[in-house]
Each structure stands twice: as structure tokens, then as C-alpha cells.
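Protein chains: 2
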Amino acid sequence: MKEKLTLIKVGGKIVEEEDSLRQLLEDFAALPGAKILVHGGGRSATRMAARLGIEAQMINGRRVTDREMLDIVTMVYGGLVNKNIVARLQAQGVNALGLTGADMDIIRSHKRPVKDVDYGFVGDVDRVNGERLAGLIHKGVVPVMAPLTHDGQGRLLNTNADTIAGETAKALAAFFDVTLMYCFEKKGVLRDAEDDNSLIPHINEEEFRRYVADGTIQGGMIPKLENSFDAIHAGVGKVIITQASAIDGVSGTLIEK
Amino acid sequence: MKEKLTLIKVGGKIVEEEDSLRQLLEDFAALPGAKILVHGGGRSATRMAARLGIEAQMINGRRVTDREMLDIVTMVYGGLVNKNIVARLQAQGVNALGLTGADMDIIRSHKRPVKDVDYGFVGDVDRVNGERLAGLIHKGVVPVMAPLTHDGQGRLLNTNADTIAGETAKALAAFFDVTLMYCFEKKGVLRDAEDDNSLIPHINEEEFRRYVADGTIQGGMIPKLENSFDAIHAGVGKVIITQASAIDGVSGTLIEK
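Chains A and B, in that order, are what the protein sequence lines are. If you're matching positions, the first sequence starts at 1 in this note's numbering and goes up one per residue. If you're matching positions, the second sequence starts at 1001 in this note's numbering and goes up one per residue.
Rendered as C-alpha cells:
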């Protein structure tokens, strides 16, 4: 039987507010066994851009990453957010190691081809080196992954944190019994985004398609669920969408085949 | 006989100018055997601070690191400078891994006590975990170290890159036959700072004291040489002070016991 591994993805909002960050780091430190934290940081990047007089450009909810914005996300995701999380986890006895996809060539990607929209220096993931990550984890290291990858030609690329979490979970499924948890502000997938009591406790692909067709599920939840089904099909043991305050794995929405 | 390891420390000026950085990365990639790169980044941090309307405060040539400046050096050293070097070394086939002292708890420090001057969030190194670093290096990993450490209480600390290089070389002397190279703009230790032909090819501690007494050696070169003698006494095989363009190890000033 494979060793269990929990991969927690937390959105920017959680890591950017001191109260929710403190709670998350405590809960994450208390999680038993092998684990990985993948974090966002978009709001901090936007704030830093504003302070530098650069306007964050968004198309279809996605950031356009020009050369200046690439420097900003490299600083904010790879430096400010990542290294502070690492230092604080170390203080809780977690042997954290901050990583971008460039470090140890963990995640290789390519610049997204320009079709209708030029998103700039944004990476679409080609492969995650699960073996190297697993080697670190077997030594007791806890990877803390920033949403940055590289193209192997010396260029860092801004990469969606949900995608990094999903692709990493898939690459590690060969080595571990992986539970992937997408954490955000809501209790899970809701029937009514305004009503926290409308949680959908489990969802399979057929139900997902029906919910999308009738408009119950929309927006950013759609790619999150697509990533989730993709992960389940690729051998990830369990995918849960839940609140950051519930990483115990017993609440939220469980994704089923 | 121990495996050879070369530890190169390069100042901010070298990594902040495209031409010298490109040359350095090529030369570093070509170095055979186990290796580590330790980098600065002070000028970039000062520039970023200026863009954010924060004035860099220096006392005795050392940066005062208040809370805002700590965020800036964390972004610039740990993110922008470090991760770009890592991505570019990966493009040259070097399995680089960017590290601060917080990552894997590699370098623990304490906040410098306030005596006459309060330098703020500046770290004095307590210990380097040579065993963990050696473990990574034996796996073919090439650490790229940013001048940041942590206090084990969740706080990152701005730390002198020369000190990080010296302490790391000392900690690795138990595992490797270490050559430590301090690289800067000059050919090495000069008799006359204005004359590149006045290189002192080797120097021992007695000569060093004489040169300091008669004013030949002064300023930032004094702590650099003190670090060097300290390293030699602690088992580091060879210490050289040289130009970044001469990391072949055959030129510059050789430090002797």
C-alpha cells in the first residue's frame, strides 16, 4: 500500500490575511504524514503592481503577464509569500522547502500560444517531475509551491495555482496515495453561491455536467472541477473542494468518478 | 579523499547587469563537480525601495532593515534575483535549487542585538546545516543561496552574503574539500585600489594585519579577509578573492594560513 500524501492548495485570499494564514499554517502543521502546500498570491501581486504604478490587466478573470508583471509575480509569489510561509512553517517544526517549477526543474511548462488573447508570460504545464518531488518528500521535506514554472530556456512563467496543484497531484499518484484539497473561502461546491448551507457533499462527472448546463455551477468553479476530475482519472485517490479552515478532510465537496 | 566542492560568492553588481550575469552563469555552469552559488542583490533592493518611495538607510556601509525593507529584500533576493538565476542555470543544464536559510532550515540566525546601532531585521548566523546541504549536493543538486536566513521563530532576516558564503563553506568542510571564492569587480586584493596591476597574489594572516595597520587594506575588504581566514582555520581547503570573470581558480588573491 502506498504512503498517504495530502496536497493542499490555498488561494491568495487565505495566505494574504494574517488571521486566516495563521490558522491555515497551524492546521497544515498538524496534518499527519507526507504533505505539500501550493499557494496563490494574486491579490498581493496586484497590490504591489499598483504601488509600482502598474495596472494589473485581466482578461476572462486571468492576469495578463507582461515583462514587468512577470517580475512582480516572481518577487511576490516566489519571494514574499513563499518564503514567509516557509519560515513560519519551520517555526512550527515543519521542514518546509519553497519551490517554483524552476527549482530542481520540478515543473516544466511552455508559454501559452497566442490565439485570440495574448496572456503574456503565462505557462501551460508540460510535466511535473514527480520522482524528484517524491525523493524530497521521502526525506521528510514538505514542499511549499509558488505558482511559477519555467520553460527550460531560462524563462520563468506565471502559472495557475489550481493547475499546479492538479498536475502535481497527478505526478505524485505513482508514488503516493494522494488526497488533493482545493481550499477557498466557501464550504465547498454550493448549489447557491450565496447560501453556505447549500453544500453539494459529493459530485460525479455526470452531475457536474448537469450543474454546468443548468447554471448551478459557473465561473472559476468550472476549471477547478475539471482539474479535479482530471486528477481522479489520473490516479489521484481523493479530491475535495473545501474551506481552508476544514483541511481535516471530512467536510466539503468530495469529487467522485 | 573528499570530493571537491567550489562555493562561489558573487556580489550584487555582477548579478544585476545582464552582460556580467550571462558570463557568470556560463562560467559557473562550466565548473566541474559539486558547486554552490551565493549571490547578493543590494543594488536591486535599493532600486526597488526607491520605486516604492522607501529610502534605503545605510549605517557604516550596512543596510538598515526595517519591516518594509525586510519585505523588499525578501522579494528581491529570495524571488526576483534568486529565481531568475535558478531558471537560467536550469537552461544550461545545471540542476539549480534556490534557497534561503529558512528553506529546509539550512541557516539559522538571530536578530542582531541593538548596541550603538539598530540594524533592524538583520541576522547573525548561528549555524548552517551542512549535512542537509551535503545531502542535496550528493543528489546532484546545485544550491543557489539568497542572502536571507531565519530565526526559527517564523522571522526571515537579511544576512550578509559574504558571511553566508563563509559559514556555508565552513559547514561543508566536514563533507567536501571546499574551495571558497569571493568574486567582485577587482582582480583580487590590490595594493592600490586604483591599480589593477597591483594584485597581491597570496596573503597570510600576518601580512594581512600589516596591510591593515599601514592602510593598504581597508573598508569592505577587511571583513571579507577576516571571513576568509576564519574559513581557512575551520577546515576550508582554499579561499580565493578574485574577479567574477576568473572563477577558474588560477588567478586572484590566494588566502594562506
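Glycine included, each C-beta is placed from N, C-alpha and C at the ideal position. These figures come from a predicted structure and were not determined experimentally.
Per-residue burial, R1001 (chain B) [other beta carbons within 10 Å of its own, 16 or more giving buried]: The amino acid at residue 1001 (chain B) is misidentified as Arg; the sequence shows Met. By the 10 Å Cβ count, M1001 (chain B) comes out exposed.
8 angstroms contact criterion, which K1013 (chain B) and E1185 (chain B) should meet: CB distance rounded: 6 angstroms
Opposing strand residues paired with P1143 (chain B) [DSSP bridges]: B:L1097
Closest by C-alpha distance to I8 (chain A), when choosing among A:A165, A:E226, A:A213, A:A50: A:A165
Contact the stretch 175-194 of chain A vs the stretch 233-243 of chain A: 3+ CB pairs below 8 angstroms: yes
Neighbour flag for D1118 (chain B) against chain A, beta carbons, 7 angstroms: no
Contact check, E1016 (chain B) vs R1043 (chain B), beta carbons under 7 angstroms: yes
Option nearest M75 (chain A) by Cα separation, candidates B:G1041, B:H1233, B:Q1057: B:G1041
Under 8 angstroms (Cβ pairs) to chain B, residues found in the stretch 70-87 of chain A: D71, T74, M75, V76, Y77, G78, G79, L80, N82, K83, N84, V86, A87
Span separating the alpha-carbon of I1241 (chain B) from that of V1010 (chain B): 11 angstroms
Own chain partners of A45 (chain A) with C-beta closer than 6 angstroms, once the 5 adjacent residues on each side are dropped: I72, V73, V76
Beta-carbon contacts of Q1057 (chain B) that lie in its chain and below 6 angstroms, excluding the five residues immediately before and after: V1064
S109 (chain A) - partner residues in DSSP beta bridges: A:V125
Coarse secondary structure for R1062 (chain B), derived from DSSP in three states: strand
Interface partners of R155 (chain A) on chain B, CB under 7 angstroms: A1087
DSSP state of A34 (chain A) mapped onto helix, strand, coil: strand
Under 7 angstroms by beta carbon: chain A residues contacting V1141 (chain B): M104
Chain-ordered chain B contacts of N95 (chain A) [CB-CB under 7 angstroms]: M1104, D1105
is_contact[H1039 (chain B), chain A] using C-beta, thresh 7 angstroms: no
Cα-Cα separation, T1216 (chain B) to E1206 (chain B): 14 angstroms
Reduced DSSP category for Y1077 (chain B) - H, G, I as helix; E, B as strand; rest coil: helix
Backbone CA spacing between I1106 (chain B) and S1228 (chain B) [nearest angstrom]: 21 angstroms
Minimum Cβ-Cβ distance from Q1023 (chain B) to chain A less than 7 angstroms: no
For T149 (chain A): DSSP bridge partner residues: A:L157
Residue-level contact to chain B via CB, D252 (chain A), 7 angstroms cutoff: Reading off the sequence, residue 252 (chain A) comes out as Gly, not Asp. With 7 angstroms as the cut-off, G252 (chain A) does not count as an interface residue toward chain B.
C-beta neighbour in chain E for T1100 (chain B), strict 7 angstroms: Protein chains A and B are contained in the structure displayed, whereas chain E is not.
One or two residues paired with T242 (chain A) in a DSSP bridge: A:C183
R1191 (chain B) vs S1198 (chain B) beta-carbon contact at 7 angstroms: yes
Residue from A:V189, A:L225, A:G220, A:D214 whose Cα sits closest to the Cα of S251 (chain A): A:V189
Chain-order list of residues whose beta-carbon lies under 7 angstroms from that of T1163 (chain B) (same chain, five-residue window excluded): V1125, N1227
Nearest-angstrom Cα separation, counted from F176 (chain A) out to H1202 (chain B): 54 angstroms
Members of the stretch 56-68 of chain A near chain B, C-beta cut-off 9 angstroms: none
Partners in chain B for H150 (chain A), counting only beta-carbon separations shorter than 7 angstroms: A1087, Q1090
For Q57 (chain A): DSSP bridge partner residues: A:V64
Nearest-angstrom Cβ-Cβ length linking I59 (chain A) and V114 (chain A), presumed shorter than 8 angstroms: About 12 angstroms; that fails the 8 angstroms criterion.
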